[in-house]
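Using full-length UniProt numbering, the first residue of the sequence shown is number 1, and each one after it goes up by one. What follows is a set of notes on a single structure, which appears directly below.
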Amino acid sequence: MQSPAALGIGGDASPHVMFIPSAGMGHLLPFFRVIAALANHDGVDISVVTVLPTVSAAEADHLAGLFAAFPAVRRVDLHLLPFDDASEFSGHDPFVLRWEALRRSVHLLRPLIAGAPRVSAVVTDVTLASHVIPIAREIRVPCHVLFVSCVTMLSLLAYVPVHLAGDKKAELGPGVGAGDVDIPGVRRIPQSCLPPPLLDLSSLFAKQFVDNGRAITSADGILVNTFEALEPAALAALRDGKVVPGFPPVYAVGPLKPHTSSSPATDDTNKPVGSGSPAAWLDEQPPRSVVYVAFGNRSAVGRDQLREIAAGLEASGCRFLWVLKTTTVDRDDAAELADVLGGGFLERVRQGRRGLVTKAWVDQEALLRHPSVGLFLSHGGWNSVTEAAAAGVPLLAWPRIGDQRVNAAVAASGGAGVWMERWSWDGDGEGRLVSGEEIGRRVKEVMSDAAVRARAARTGEAAAMAVAEGGTSYRSMQAFISKLKAT
């Protein structure tokens, strides 16, 4: 039985932090990494709200891995209320629909928070900020937000409500976009770089985005997986009140370290095409000779474009490790590689031993740190950007959805890589295939560019300094923990 002090009944108790993640591995992984950092710190008690059912198998596997690795972390199950998304929001992104389902069930959190042993702080996902922050205020619990993208995107989220309030076009009906957004002290973001749903301010995502942007200014603090050297201007502008006056404290605590070294189990249907496991195959390759290709857990690429990527990788003459995904939700990904890429390509991969293709889950951070990897062809998801930056591996960014064009711009300006601005992305209405010839040429150019490699190496050094004892991110995490303990 817990002691009275541990329960917060008199005496000095450890702070109890309740984490409220949402959905999507891009959102969950930063939560797991912050939870692991705090769980390894003496004097912090942790519970995690687990939303059931999970959207993907990867989410279920990683949640199980988290609780197995940290048995002291308590699990608090939240069962979603029924939500008829098919009739109300037909054709929407499954993860945006999950965020909406969560928002409609979030009132169930009030008794969970109030009934838990002395919750001294809540850390919520940004997608739930507009609903969780008021609940925390009602029960007088400090509420922090874990922002899972870059600080530049955070500044956009905070400033868009201000921008729209001064823009008469925002009063018009469906089909009206946010337009170019000039964020004070940060940068001008053209409409072409905004998340595509912001091109229609009547969309479900746009409504969620604006609601959360308004709410986030009343949070008690914002945790971000970034570091000072990568986004100095955006951090300074938020902290100095240039974007929104009186903005909450921003804790830049990245790049976050992985929460576990193990990967979820995968079945035999996802065995790599090539020679051996990804790590073993990389061991056989020369230093900095391999292009690692992955477009994230939500960025499914169309089959025609996948075949052009395959042709481009062959044309580049470079070795490659390709983690391929054909659907948005992994439970739906039953396609055979031969059907997707063509048997001829896969046979050449097998015979030439110059490449490896897999649909299995991989430990991306470990792969990026392998000495054989010399380039990362990526969608530009923020976790991928920070992992590449930490490893000092150049990023060749090909944004696909959401915040990824903003992320790509930050990666390029911060020295982490280059951005293919002319390559089309999902939802832009262009429908243009990027040819294998163009992909191969650009991959070959960036792989051989010494200046790009040098900039990425310097960014990796800055990332290591940030998280080392006494570094900017180290101090920021310590300041956050001190604030928790003072609550």
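C-beta atoms are modelled at their ideal positions from N, C-alpha and C, and glycine is treated no differently.
Residues that DSSP places opposite residue i in a beta bridge
i, result
"ILE46", "VAL17"
"PHE376", "TYR292 and LEU395"
"TRP419", "ALA397"
"TRP322", "VAL293 and VAL357"
"TYR251", "LEU223"
"PHE147", "VAL224"
"residue 488", "Because the chain here runs from 1 to 487, residue 488 falls outside it and cannot be looked at."
"THR217", "Bridge partners of THR217: none, in fact."
"THR124", "ILE20 and VAL145"
"ILE189", "VAL181"
Contacting residues, own chain, Cβ-Cβ under 6 Å from residue i (five flanking each side not counted)
i, result
"SER384", "SER378"
"ASN225", "PRO30, GLY254, LEU256 and THR386"
"GLY312", "GLY436, ILE439 and GLY440"
"SER149", "TRP382 and ASP403"
"LEU157", "GLY213"
"PHE147", "VAL126, LEU154, ILE222 and VAL224"
"LEU282", "HIS370 and SER372"
"MET477", "VAL253"
Beta-carbon proximity list for residue i, same chain, < 7 Å, skipping 5 on both sides
i, result
"MET447", "VAL291, CYS318, GLY374 and LEU375"
"SER155", "ILE183, VAL186, ALA234, ALA237, LEU238 and VAL243"
"ALA60", "THR54"
"ALA315", "GLY436, GLU437 and GLY440"
"PRO287", "PRO371 and SER372"
"LYS485", "PRO15 and GLY43"
"VAL162", "VAL244"
Through-space distance from residue j to residue i, alpha-carbon basis
i, j, result
"ALA390", "ARG104", "37 Å"
"GLN285", "HIS259", "28 Å"
"GLY16", "GLY179", "For the sequence presented, residue 16 should be read as His rather than Gly. Computed Cα separation, rounded: 42 Å."
"GLY342", "GLY381", "27 Å"
"VAL410", "GLY402", "14 Å"
"ARG187", "TYR474", "27 Å"
"LYS242", "GLY185", "6 Å"
"HIS107", "ALA64", "25 Å"
"VAL76", "VAL467", "30 Å"
"ILE20", "CYS143", "10 Å"
"ASP182", "ALA412", "19 Å"
"MET153", "GLU347", "42 Å"
"ASN297", "LYS483", "34 Å"
"ASP363", "ASP449", "27 Å"
"GLU336", "VAL357", "12 Å"
"ALA479", "ILE35", "16 Å"
"LEU52", "ILE46", "19 Å"
"LEU433", "LEU321", "22 Å"
"ALA397", "GLY414", "13 Å"
"LEU112", "ALA280", "45 Å"
"PHE83", "ARG110", "20 Å"
"ALA219", "VAL151", "16 Å"
"VAL301", "GLU308", "11 Å"
"PRO245", "SER277", "51 Å"
"PHE295", "SER202", "28 Å"
"PHE247", "ALA215", "11 Å"
"ALA360", "LEU367", "13 Å"
"ASN407", "THR217", "22 Å"
Same chain only: Cβ atoms within 8 Å of residue i, ignoring 5 sequence neighbours per side
i, result
"VAL55", "ALA23, GLY24, PRO94, PHE95, ARG98 and VAL329"
"VAL452", "PRO394, GLY417, VAL418 and VAL446"
"VAL160", "ALA178, VAL181, LEU198, PHE209, VAL210 and GLY213"
"HIS62", "MET25, LEU28, LEU29, PHE32 and PRO264"
"residue 560", "Residue 560 lies beyond the residue range present for the chain, which begins at 1 and ends at 487; the question has no answer from this structure."
"LEU306", "LEU324, THR326, VAL340 and LEU341"
"THR50", "LEU63, ARG75, VAL76, ASP77 and LEU78"
Exposure of residue i, with buried meaning 16 or more beta-carbon neighbours within 10 Å
i, result
"residue 544", "Outside the displayed range of the chain (1 to 487) lies residue 544, so it cannot be described from this structure."
"GLY352", "exposed"
"SER262", "Residue confidence for SER262 is low, a pLDDT of 46 falling below 50, so the modelled location carries little weight; the figure read from the coordinates is stated next. Per the 10 Å Cβ criterion, exposed."
"ARG455", "buried"
"HIS79", "exposed"
"GLN191", "exposed"
"THR127", "buried"
"GLY221", "buried"
"ARG140", "exposed"
"ALA72", "exposed"
"GLU228", "buried"
"ARG405", "buried"
"ALA101", "buried"
"LEU81", "exposed"
"GLY355", "buried"
"ASN40", "exposed"
"THR487", "exposed"
beta-carbon residue i near the ligand SAH non-hydrogen atom, thresh 7 Å
i, result
"ALA136", "With respect to small molecules bound, the structure shown includes none, and the ligand SAH cannot be examined in it."
**Asked** Are three or more beta carbon pairs between the region 459 to 467 and the region 235 to 242 nearer than 8 Å?
**Response** no
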